[in-house]
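**Q** Dumping the structure here so I can ask a few things about it.
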Amino acid sequence: MTKNSPAYMMEKITSLSKRRGFIYQGSEIYGGLAGTYDYGPLGTALKNNIKNIWWRMFVDGRDDMYGMDASILMNPNTWVTTGHVQGFADPLSECTKCKRRFRTDQIDDKTKCPECGGELGPERQFNMMLKTQVGAMEDSSSISYLRPETAQGMFVNFKNVVDSFHPKMPFGLGQIGKAFRNEITPRDFIFRLRELEQMEVEYFVKESDWQRAFEEWRVAMNTFIKAVGIDTTRVHEVEIGDADRAHYSKRTIDFEFEYPFGQKELYGLAYRTDFDLSRHSEASKVDLSYRDEEAGERFIPHCIEPSFGLDRTMLAVLLSAYTEDTMGDSPREYLKFHPRVAPIKTAVSPLLKNKPELVSKAREVYTMLKKDIPQIMWDDNGNVGKRYRRQDEIGTPFCVTIDFDTLGETPDLKDTVTIRDRDTGEQKRMLIGDLKSYIMEQIK
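Next comes the structure, spelled out in structure tokens:
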């Protein structure tokens, strides 16, 4: 396995993720379940940081957005109306020899099994909706689905939000939530999953304003990409042609990232026209039009949809942050997170853990910082050099060490600590009283 090859990079990321508590295989002690992964303590913190940045940027930070948290289970007529029950499918073929199944749009030779070389059977459409039963009776009337996308929960609540808040056009709904897809061949770590998390906006506009809004959201999506520390040189905007767009879309741009396994979709920006609201209005017999009081007109709004996959964001952030270099005389691998997304902002350590006076002062500094910066870690395991390398590997931007000078061994340095920079390894002394404001400035 050559260094920096696709296999090398994925092995490094998956190994580090498990070893340091970012991402584990789902149900691992029972042999796992394909297409499912569990986020460990650091992965959960990283994911929450990304979600918080997204929410602040696209919901709380705007005057024209409203937050939502719609139910995962919906009336099955929702999915009939949108065409998911009939058409949410991928092409599938089964090997006549080893019986494994493959998405034929993801293999080069559609006649030969990529695993055993056997003959692939005829292609058929495989619906990716995950069925479940709701209620005590297990018959056709109890069939429901785990939602394959979060968008429809916002469309069916459009009228509720309009009636509750009377928003002026344009306005949008934002939601972060789980979606489920019965992928034929989940693969590439957390890129293609059966249980995934989406961060989506449905932004409602007059038809005449869609191009302006589309461009506004294109710029906003690029701003978010930079904000979470994704390598912008590896992101490409791809205009999707008529033949490849979803049936509801009049224009779609995919933001694709250069993953080790190829340039693949990271985010999507779609102009969904008035497809969803019109279909739901017709099927439910509920008027989902919007009345513009100032213009004195009523119409079905059109919709711009910026869609962000959270798991794919996680993978892109990890790949962008992963760095190898040499510090001192030894090689180092570390995660060069932007401080605002780093799961641990600062680690606090006593120089020696067997000196009670150092431990006590270090605990005092740790407690002081944690009141305002919760993502602080206490670390007294091993010598200082090993602590630094361990914190580098999980992407901690700063390490604070309390030593004898802090206690006044050198009078001029009393109540100062050393703070070390992850990227350069440089250390400087700083007054304890200045630590909090310094760190908060770096992570905002």
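Note that our numbering has the sequence shown beginning at 741, numbered continuously upward. Quick reminder that beta carbons are idealized off the backbone N, C-alpha and C, glycines included.
Taking the alpha-carbon positions, what's the E889 to K1004 distance?
**A** Distance between the alpha carbons of E889 and K1004 is about 19 Å.
**Q** Given that a residue counts as buried once 16 or more other Cβ atoms are within 10 Å of its Cβ, and exposed if not, what is H824?
**A** Looking at its Cβ environment, which holds 16 or more other Cβ atoms inside 10 Å, H824 is buried.
**Q** Can you name the start and end residues of the beta strand (DSSP E) that M868 belongs to?
**A** Note, M868: premise wrong, no beta strand (DSSP E); not H, not E.
**Q** Starting from the Cα of R1169, find the closest Cα among V896, L1175, V1157 and Y1178 and give me that residue.
**A** Selected option, being the one with the closest Cα: V1157.
**Q** Can you have a look at Q697 and say buried or exposed, based on whether 16 or more other CB atoms are within 10 angstroms of its CB?
**A** Because residue 697 is not part of the residues shown, which for the chain are 741 to 1184, the question remains open.
**Q** If you draw a straight line from the alpha carbon of M749 to that of G1068, how long is it in whole angstroms?
**A** Cα to Cα, the separation comes out at about 24 Å.
**Q** Just to confirm, are V799 and G917 a CB contact at a threshold of 8 Å?
**A** Result no, Cβ atoms of V799 and G917 do not sit closer than 8 Å.
**Q** Starting from I916, follow its DSSP beta bridges and name the residues at the other end.
**A** DSSP lists M939 as partners of I916.
**Q** Is it the case that the Cβ atoms of Y777 and I930 are separated by a distance below 8 Å?
**A** Yes; because the gap between Cβ atoms is below 8 Å, this pair is in contact.
**Q** Which residues bound the beta strand (DSSP E) around I993?
**A** Looking at the DSSP string, the run of the beta strand (DSSP E) that includes I993 is R991 to Y999.
**Q** Using the Cα positions of E869 and S1021, report the straight-line distance between them to the nearest angstrom.
**A** Strictly speaking, residue 869 in this sequence is Met, with Glu absent from that position. Between M869 and S1021, the C-alpha separation is close to 23 Å.
**Q** Give the straight-line distance between the Cα atoms of P1071 and Q1167, rounded to the nearest whole angstrom.
**A** One C-alpha to the other measures close to 19 Å.
**Q** Can you find the residues in the same chain that come closer than 8 Å, C-beta to C-beta, to L860, ignoring five residues on each side of it along the sequence?
**A** These residues qualify, in order along the chain: S833, E834, C835, T836, F842, T844, K850, T851, K852 and C853.
**Q** Let me make sure I understand the geometry here. Which of Y806, S1024 and I1040 has the alpha-carbon closest to that of V820?
**A** Among Y806, S1024 and I1040, the Cα nearest to that of V820 belongs to S1024.
**Q** Using the beta-carbon count (16 or more within 10 Å), is V1105 buried or exposed?
**A** Buried: at least 16 other Cβ atoms inside 10 Å.
**Q** Put Q1115 into one of helix, strand or coil per three-state DSSP.
**A** Q1115 falls in the coil class under three-state DSSP.
**Q** How is the alpha helix (DSSP H) around E1097 delimited, first residue to last?
**A** Where E1097 is concerned, the enclosing alpha helix (DSSP H) stretches over P1096 to K1110.
**Q** Give me the DSSP bridge partner(s) of F1138.
**A** Answer is T1086 and D1161.
**Q** L1009 and M939: beta carbons closer than 8 Å?
**A** Cβ distance not < 8 Å, so L1009 and M939 don't count as in contact.
**Q** Quick one: any contact between the stretch 796 to 814 and the stretch 983 to 999, if contact means 3 or more CB pairs under 8 Å?
**A** As far as the Cβ criterion goes, the stretch 796 to 814 does not touch the stretch 983 to 999, which means the pair count is below three.
**Q** Opposite P831 in the DSSP bridges: which residues?
**A** Answer by DSSP bridge pairing, in chain order: Q865.
**Q** Give me the Cβ distance between F944 and C856, rounded to the nearest whole Å; I'm assuming they're in contact under 8 Å.
**A** No, F944 and C856 are not in contact; Cβ-Cβ is about 50 Å, not under 8 Å.
**Q** Whole angstroms is fine: what's the gap from I1113's alpha carbon to M1180's?
**A** Cα to Cα, I1113 sits roughly 8 Å from M1180.
**Q** What are the boundary residues of the alpha helix (DSSP H) that includes R958?
**A** Its alpha helix (DSSP H) spans residues W950 to A967.
**Q** Which residue's Cα is closest to the Cα of D1173: G775, I1159 and G1165?
**A** The displayed chain sequence assigns Gly, not Asp, to residue 1173. Ranking G775, I1159 and G1165 by Cα distance to G1173 puts I1159 first.
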